[in-house]
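Chains as they are written, first to last, in our numbering: chain X, 274 to 407; chain A, 18 to 395.
Quick reminder that beta carbons are idealized off the backbone N, C-alpha and C, glycines included.
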């Protein structure tokens, strides 16, 4: 039996398939919210009314990625991407902001791709409904 | 109201009681909406639901164009000809039921420049708008022509093909020709409604599917109740904030209607060309309640015979009586509402009222409470 171990979080641009990957900090937050409320009607009746359609978000932070990853993600703001994390979970969505933070304390031990610097990048993905072509 | 019985979205036949229960009794209700693009035959050309971002559907049964809609669509359409039909789907998370909410001619799209994809907020008008254009010339319907045939001929000439005509008065014909002179106000809609009024029919209206309907006028009090709103713990759909308005200004309690007299012939008389109605005891504007008789301005009308005169007079009188007491009531979403709905209300906080005519409503498509305007029938 072949076991596939995912140790990175992948982002692929849906229109081209181009991708970036990196290790993500632990504590990736996943939230779902629906527009609904419990209303009070005459006679004291309480009733839940919900509108179809949830707003889902998936948040993670890339740790110690090269500048090229930051720039690629920057160029994808607002575009449809597919995200797959280390648990194999997959999300389609878009992000509208990146929280980029330069890491300055790397020494000579850093891997080759980070000799020109390293960054942490926080991404808030808003999940959208997508039909995949087959 | 729309007939309640229909199939679920999965094709299961549901009774009126089941659909009513879904709308009224479900304690956790899920609401979604959709939008279709139609052609003039009301055939669906495309489903725009994936580009539809909601809006509002409104109906004012006393307005010239009864229905209006505000719809947000992220899609470029042929705005000059587009006909849009929004719909609402209610679900109890097990059974889902769809309700069409009328067909609207897209007009005045408002686009937000710079957005991608472009989002249009579209004002949609009742498909009656098609008929609400000036005639632009004198128009004559000849003697011997059937009233309903004349109405149908106008609709066909104007390109309307989706209509339903109740033929109860198919035999009523014009005894003399009638002409609408060239002026700036006359529209095809006015001519149709003049013809219908003359045979005791209600004004033409479009239904939930977008089909134009021509039907005899029935006194709302004589129609069966179509819905019951109450304030019970398990079934209440009435908001806690409800407003009552009573308007006594110039409220008449005596009406006189007469047909157009032939200058060379016999003059109309009561029972033969004249119809007088006095509200002696009904409601707070009656002669008994006000202590005096207040006569409305006598109205000259065109009616084919005395029963038609009485029918159209009664429609006007009913309207005058109803306008005296109105209620502005927010309720839970009820997409069955349509045109001049006759309902029953059992709410001790609103007083001892039971028979109500819904004259106006507004239904947000995002699942928010709808607002309704009601007139007291009795």
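Burial check for residue 237 of chain A: the Cβ neighbour count within 10 Å reaches 16 or more, so the residue is buried.
With the rule of 3 Cβ pairs closer than 8 Å, the region 44–53 of chain A does not count as touching the region 330–339 of chain X. Within 7 Å of the CB of residue 364 of chain A, the CB atoms of chain X belong to 315, in sequence order along the chain. DSSP places residue 210 of chain A within a helical segment (H, G or I) once states are collapsed to three. Apart from sequence neighbours up to five positions away, the residues of its chain that approach residue 42 of chain A with a beta-carbon distance below 8 Å are 251, 252, ordered along the chain. By alpha-carbon distance to residue 146 of chain A, the top candidate from A:272, A:191, A:103, A:122 is A:122.
Between residue 312 of chain A and residue 265 of chain A, the CB-CB gap reaches or exceeds 8 Å. At least one CB atom of chain X sits nearer than 8 Å to the CB of residue 383 of chain A. By the criterion of at least three beta-carbon pairs nearer than 8 Å, the region 314–324 of chain A is not in contact with the region 336–356 of chain A.
Scanning its chain for C-beta atoms nearer than 7 Å, with the 5 sequence neighbours on each side dropped, one finds around residue 390 of chain X the residues 340, 375, in chain order.
Using beta-carbon distances, residue 322 of chain X counts as an interface residue toward chain A, with a partner under 8 Å. In summary, residue 315 of chain A is exposed, with fewer than 16 beta-carbon neighbours lying within 10 Å of its beta-carbon over all protein chains present. The straight-line gap separating the alpha-carbon atoms of residue 30 of chain A and residue 116 of chain A is approximately 14 Å. When C-beta atoms of the region 175–191 of chain A are compared with those of the region 63–81 of chain A, fewer than three pairs fall below 8 Å, so the two segments do not count as touching.
At least one C-beta of chain X is nearer than 8 Å to the C-beta of residue 251 of chain A.
The DSSP-derived three-state label of residue 35 of chain A is helix. One alpha carbon belongs to residue 203 of chain A, the other to residue 153 of chain A, and they sit about 8 Å apart. Linking residue 257 of chain A to residue 129 of chain A through their CA atoms gives a straight-line distance of about 37 Å. Neighbours of residue 325 of chain X in chain A, taken as residues at a C-beta separation under 9 Å, are given in chain order as 47, 48, 49, 50, 106, 108, 384. The Cβ neighbour count for residue 324 of chain X, taken over all protein chains shown within 10 Å, is at least 16; the residue is labelled buried.
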